[in-house]
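Count along the sequence shown from 1, then add 1218; that gives the number in my numbering. Single-structure report; data block below.
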Amino acid sequence: MTRALVLGGGGVTGIAWEIGVLTGLRDAGIDVHGWELVVGTSAGSIVGAKVLGHPDLDGLFAAQARASTMDDDLPIQTLGGRVAANLLRLGRRRGLGWTPRLWVAAFAIETLVRRHAGRGRIRRPNAPPLRGLRTIAPPDPALARIGTFGLAARTASETTFREVIRATLDPVTEWPEALVVTAIDVLTGATVAIDARSGVPFVDGIAASCSVPGLMPAVTLGGRRYMDGGMASQTHADVAREHDDVLVIAPIDLGLLHGETERLRAQGSRVTTVTPGPEATLAIGRNIGLLDPARRARSAAAGREDGLRAAETVGRTVPRPASPRLAESAS
1219 MTRALVLGGG
1229 GVTGIAWEIG
1239 VLTGLRDAGI
1249 DVHGWELVVG
1259 TSAGSIVGAK
1269 VLGHPDLDGL
1279 FAAQARASTM
1289 DDDLPIQTLG
1299 GRVAANLLRL
1309 GRRRGLGWTP
1319 RLWVAAFAIE
1329 TLVRRHAGRG
1339 RIRRPNAPPL
1349 RGLRTIAPPD
1359 PALARIGTFG
1369 LAARTASETT
1379 FREVIRATLD
1389 PVTEWPEALV
1399 VTAIDVLTGA
1409 TVAIDARSGV
1419 PFVDGIAASC
1429 SVPGLMPAVT
1439 LGGRRYMDGG
1449 MASQTHADVA
1459 REHDDVLVIA
1469 PIDLGLLHGE
1479 TERLRAQGSR
1489 VTTVTPGPEA
1499 TLAIGRNIGL
1509 LDPARRARSA
1519 AAGREDGLRA
1529 AETVGRTVPR
1539 PASPRLAESA
1549 S
């Protein structure tokens, strides 16, 4: 019997919620380690790397559940500038939740102007795609247009973005063998899977999977640019085909999850999904709120409750160890 874990995208709050769900499942006696495959998209790529590469789940949960400080806003300030960080803080006040959308609107207008002026045009690269990258979805012109729009945006440099991702992944520095993450070729819109065998540096692969077009810079891999795999699917559960038991943890579902899981079931997999309950949905937020670290602690707590509630259903497909802490102590 082979087991696969699918971790969807969902920003800063999605990371906290997913870690909360895994903690709740573990506390209820579910074995949340020992996966033959972990598929991570965007935020899910970070959670997958952390859970596989540094499986101290209590420590991961504690880091998400603590109260946020001004220092937690530094990644937003580094990537989006002082205005973005200040508007995000202002939006936390009662009645001012709309203010971060001012930055989003201004950013979109500026990007459209830059795009019209010719910024973001892609010269066809001489380099072919890296041989180690596995194409999991064919070229998509609509996704390529999104990528082109993102290239026109004024973003932080790739070097800066990589350093933010490196700090987020700390102390994990190398590819976990079981981890596969998804990204999209900006030029063609084709979706690729990246893992330890792809010939891509670990931080670069995770950064590519997390590069929201327009907000973060597209990431160069082997002479080509790649963006967030979540632009095609928030989960890419299809990558887990041929595994007997599949657990999908998805903070966001834009309508593709049902089709993906049904295809897995049709191929013989037993599939269980965990999605946010009402409290978690409010905590996680949406749009720019997904990036707000002030929502992180509440998202983690709500995720743990969702994990505890889901444990009975998940336990039908994912084995329970003899002791709820067995998997923790064995790692």
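We put the beta carbon where it would ideally sit given N, CA and C, even for glycine. On a predicted model such as this, the values are computed, not experimentally measured, just so you know.
{"Asked": "Measuring alpha carbon to alpha carbon, tell me which of Ala1498, Ile1424, Ser1260, Arg1221 ends up nearest Glu1254.", "Found": "Arg1221"}
{"Asked": "Starting from Thr1490, follow the alpha helix (DSSP H) in both directions and report where the run begins and ends.", "Found": "Per DSSP, Thr1490 belongs to no alpha helix (DSSP H); it is in the beta strand (DSSP E), 1488–1492."}
{"Asked": "Return the CA-CA distance between Glu1381 and Val1418, expressed in angstroms with no decimal places.", "Found": "16 Å"}
{"Asked": "Quick check on DSSP: helix, strand or coil for Pro1431?", "Found": "strand"}
{"Asked": "Using alpha carbons as the reference points, say which of Thr1438, Ala1436, Ala1401 lies closest to Thr1453.", "Found": "Ala1401"}
{"Asked": "Using the three-state DSSP reduction, which class does Met1445 fall into: helix, strand or coil?", "Found": "strand"}
{"Asked": "Thr1231 and Arg1595 - do their beta-carbons sit closer together than 9 Å?", "Found": "Since the displayed the chain opens at 1219 and closes at 1549, residue 1595 lies outside it and no answer follows."}
{"Asked": "For a test of the three-state rule: what should DSSP assign to Ile1456, helix, strand or coil?", "Found": "Before going on, a small fix: residue 1456 reads as Asp here, not Ile. It is helical."}
{"Asked": "Using 8 Å for Cβ pairs, my map puts Leu1240 next to Val1250. What's the rounded Cβ distance?", "Found": "5 Å"}
{"Asked": "According to the neighbour-count rule (16 or more other Cβ atoms, all chains shown, within 10 Å of its Cβ), is Gly1447 buried or exposed?", "Found": "buried"}
{"Asked": "Between which two residues does the alpha helix (DSSP H) containing Gly1232 stretch?", "Found": "1229–1245"}
{"Asked": "Compute the distance between the beta-carbons of Thr1366 and Val1404, then report whether it is under 9 Å.", "Found": "yes"}
{"Asked": "Would you mind giving the Cβ-Cβ distance between Ser1416 and Leu1351, rounded to the nearest angstrom? I have them listed as a contact below 8 Å.", "Found": "5 Å"}
{"Asked": "With a 10 Å radius around its C-beta and 16 neighbouring C-beta atoms as the bar for buried, classify Glu1236 as buried or exposed.", "Found": "buried"}
{"Asked": "Over the uninterrupted beta strand (DSSP E) stretch that includes Thr1438, give me the two end residues.", "Found": "1437–1439"}
{"Asked": "Using only CA atoms, which one of Lys1268, Leu1465, Ile1506, Ala1360 lies nearest to Val1489?", "Found": "Leu1465"}
{"Asked": "What residue does the beta strand (DSSP E) around Arg1221 start on, and which one ends it?", "Found": "1221–1225"}
{"Asked": "Hey, could you find the ends of the alpha helix (DSSP H) Arg1380 is sitting in?", "Found": "1376–1387"}
{"Asked": "How big is the Cα-Cα spacing for Ile1412 and Pro1356?", "Found": "15 Å"}
{"Asked": "Under the three-state reduction of DSSP, which class applies to Asp1550: helix, strand or coil?", "Found": "No answer is possible for residue 1550: it lies beyond the span of the chain, which begins at 1219 and ends at 1549."}
{"Asked": "Take Gly1258 as the anchor and find which of Val1398, Leu1369, Ala1374, Phe1379 has the nearest alpha-carbon.", "Found": "Val1398"}
{"Asked": "For Gly1271, which residues of its own chain have a beta-carbon under 6 Å away from its beta-carbon, when the five flanking residues on both sides are left out?", "Found": "Val1390, Pro1394"}
{"Asked": "Taking only the alpha-carbon atoms, compute the straight-line gap between Leu1243 and Tyr1444 and give it to the nearest angstrom.", "Found": "33 Å"}
{"Asked": "Express the C-alpha separation of Arg1527 and Asp1245 in angstroms, rounding to a whole number.", "Found": "11 Å"}
{"Asked": "Below 8 Å on the Cβ atoms is my guess for Gly1533 versus Ile1248; work out the distance and round it to an integer in Å.", "Found": "6 Å"}
{"Asked": "With a threshold of 6 Å on Cβ separation, who are the neighbours of Gly1238 within its own chain once the five nearest residues in sequence on each side are excluded?", "Found": "Ala1518, Gly1521, Arg1522"}
{"Asked": "Within a Cβ cutoff of 6 Å, which residues of the same chain sit near Ala1529, ignoring the five residues on either side of it in sequence?", "Found": "Leu1243, Ala1246, Ile1248"}
{"Asked": "Roughly how many angstroms lie between the CA atoms of Glu1392 and Val1265, to the nearest whole one?", "Found": "14 Å"}
{"Asked": "Looking at C-alpha atoms only, which residue of Ser1451, Arg1384, Asp1388 is the closest neighbour of Thr1409?", "Found": "Ser1451"}
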